[in-house]
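In the numbering used here, the protein residues as written are 12 to 221.
One structure is given below, encoded as structure tokens.
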Amino acid sequence: MKVSRRNFLWLSGAVVAGSLAAKLGCAPEEPVVEPDPDEPTPEPSIEDDFRLEFASTVSNVCSFCGVGCGVLCYVEDGKIVSVEGDPDHPVSEGALCSKGAAMFQKYYEYDEKGNAIVSPQRVTEVLYRAPGASDWEVKDWDWAIQEIARRIKDTRDADFKETNDAGQTVNRCESLAWIGSAKCNNEENYLYRKFVAAMGIVNNDHCARL
Ligand code: SF4
Numbered sequence: 012m013k014v015s016r017r018n019f020l021w022l023s024g025a026v027v028a029g030s031l032a033a034k035l036g037c038a039p040e041e042p043v044v045e046p047d048p049d050e051p052t053p054e055p056s057i058e059d060d061f062r063l064e065f066a067s068t069v070s071n072v073c074s075f076c077g078v079g080c081g082v083l084c085y086v087e088d089g090k091i092v093s094v095e096g097d098p099d100h101p102v103s104e105g106a107l108c109s110k111g112a113a114m115f116q117k118y119y120e121y122d123e124k125g126n127a128i129v130s131p132q133r134v135t136e137v138l139y140r141a142p143g144a145s146d147w148e149v150k151d152w153d154w155a156i157q158e159i160a161r162r163i164k165d166t167r168d169a170d171f172k173e174t175n176d177a178g179q180t181v182n183r184c185e186s187l188a189w190i191g192s193a194k195c196n197n198e199e200n201y202l203y204r205k206f207v208a209a210m211g212i213v214n215n216d217h218c219a220r221l
């Protein structure tokens with residue numbers, strides 16, 4: 012159809028007027044279909060139901076920050092398939108912030124069939140970047156633990172101070188710093204704190220301020 016300039020303006024005006032009429036409630040109402048009371052309510056199919064149908068529920072605490080919101084993890088075949096806020100948790104009563112609500116994505120994502128798979132973005136190996144290097148090397152855990160222990164010992168041996176400038180006993184090493192993790196539980200954080208105190212490390216912190 013050939014649309015002249017006049018026709019185009021007329022058609023545009025008609026479309027705008029129609030939209031406005033719908034917004035103002037002038038559009039014809041959709042017929043309401045009442046359910047037939049004699050018909051049984053259809054059972055939801057497995058496709059309609061949650062992926063949580065066969066999952067067990069594990070109560071846990073969000074690992075992102077010190078607020079400590081409660082989460083329910085749905086686990087199937089040893090794998091978390093979904094996470095949501097725990098409505099019975101006294102701290103958060105079911106609410107989660109955007110980080111906590113996205114916690115599932117720290118480890119998993121869904122494939123095209125909706126199955127939970129370990130996220131390919133998850134770091135599962137020790138990666139080491141040497142001083143001045145631009146590339147990461149894959150290392151094994153034995154190497155990493157030995158290397159960390161060696162560097163801590165060398166630094167502590169070189170910088171440990173028994174007394175300060177005023178001659179007071181301090182027994183500390185100021186050239187090491189340590190940071191904990193909200194992924195650790197209370198007991199692990201207790202051990203972490205004991206360890207840094209025993210090492211004389213005074214620069215220590217934790218993202219949850221424990
Ligand atoms: S990160 Fe968000 S959901 Fe997790 S504990 Fe902190 S406030 Fe709660």
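Glycine included, C-beta positions come from ideal geometry on N, C-alpha and C.
All of these numbers come straight from a predicted model, not from anything done at the bench.
query, result
"Neighbourhood of Ile128 by C-beta distance below 6 angstroms, restricted to the same chain and skipping five residues each side", "Asp122"
"For Ser67, the residue or residues it bridges with in DSSP", "Val86"
"Rounded straight-line distance, which links the Cα of Asn215 to that of Glu58", "Low per-residue confidence applies at Glu58: pLDDT is 48, beneath 50, and the placement is therefore not dependable enough to give any value."
"Counted within 10 angstroms of its Cβ, other Cβ atoms place Val94 as buried (16 or more) or exposed", "buried"
"Contact check, Gly111 vs Val149, beta carbons under 8 angstroms", "no"
"Exposed unless 16 or more other CB atoms sit within 10 angstroms - verdict on Arg183", "buried"
"Gly89 burial status per 10 Å Cβ neighbour count (16 or more: buried)", "exposed"
"Residue interval of the alpha helix (DSSP H) (run including Lys205)", "Asn197 to Ala209"
"Candidates Asn126, Ser130 and Val69: closest to His100 by CA position", "Val69"
"Cβ distance (whole Å) where Cys218 is taken to contact Cys76 below 8 angstroms", "7 angstroms"
"Where Gly77 sits in the DSSP three-state scheme", "coil"
"Gly79: CB within 7 angstroms of a non-hydrogen atom of the ligand SF4", "yes"
"Secondary structure, beta strand (DSSP E): runs of 3+ residues fully inside the stretch 93 to 122", "119 to 121"
"Glu158, enclosing alpha helix (DSSP H) - first and last residue", "Trp152 to Asp170"
"For Arg183: DSSP bridge partner residues", "Lys172"
"Expected contact under 8 angstroms - CB spacing of Trp147 and Leu138 to nearest Å", "4 angstroms"
"Cβ-heavy atom distance, Phe75 to the ligand SF4, below 7 angstroms", "yes"
"Cα-Cα separation between Ala160 and Ser130, rounded to whole angstroms", "31 angstroms"
"For Phe171 and Gly178, the rounded distance between their alpha carbons", "14 angstroms"
"Beta-bridge partners of Glu148, as assigned by DSSP", "Tyr139"
"Whole-number beta carbon distance between Phe65 and Ile91, since they are thought to touch under 8 angstroms", "Incorrect: roughly 14 angstroms between the Cβ atoms, too far for contact."
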